[in-house]
Every structure is written in C-alpha cells, then in structure tokens.
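In the working numbering, the protein residues as written are 248 to 332. All C-beta atoms in this analysis are idealised placements derived from N, C-alpha and C, irrespective of residue type, glycine included. The structure displayed is predicted, hence computed values, not measured ones.
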C-alpha cells in the first residue's frame, strides 16, 4: 500500500517529497491552500478504493464473457453490509 500511496501523492503534487496520502493531504490543504476536491483521499479511503478495484478486476472482468459467471460475495473481500443494505 505504501507504493500506491506514494503514486497517489505524486498524482496530486509531482514535486512532493511526502510518502503518505494523509500527510500530503494535510500539506496540500494547509500550506498550498488547495480546495478539498483537489487533495488526495485519506489512507482509509484509498485502501477501500484499492480493494474495490482489485475485486472488480480479478472477479468481474475476468468473467465478463462467461455466460453464467460465478461472482463471489464482496463479503469475502472484507466488505460488510451496513444497516441492512
């Protein structure tokens, strides 16, 4: 996840020496006066997004041409139902 975090930091500020998205977000918001929409996601949000992207790539797109695909439960990848949804 550290490599992913560094990559995301560089996408938002290519000259940044910071390693983590949380530190980069604080720096960009407080020191460079970036709008909230233009700062990187938190490390927790980045982790969830990465898990979702990996789930889609490995299970969904792998079987996109199969007539009756087997799609495992997202719960097997760490997702949980919230409030019965």
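Check                                                                                                                   : Outcome
Burial state of residue 291 (16 or more Cβ within 10 Å)                                                                 : exposed
Given residue 316 as reference, the closest of 307, 324 and 264 once Cα atoms are compared                              : 307
Proximity below 8 Å, CB of residue 255 to CB of residue 287                                                             : yes
Close-in-space but distant-in-sequence residues of the same chain around residue 259 (CB under 6 Å, 5 per side omitted) : 287
Entirely enclosed alpha helix (DSSP H) segments - the stretch 289-327, minimum 4 residues                               : 290-302
Residue environment, residue 252, which counts as buried when at least 16 other CB atoms sit within 10 Å                : buried
Beta-carbon proximity of residue 324 to residue 295, cut-off 8 Å                                                        : no
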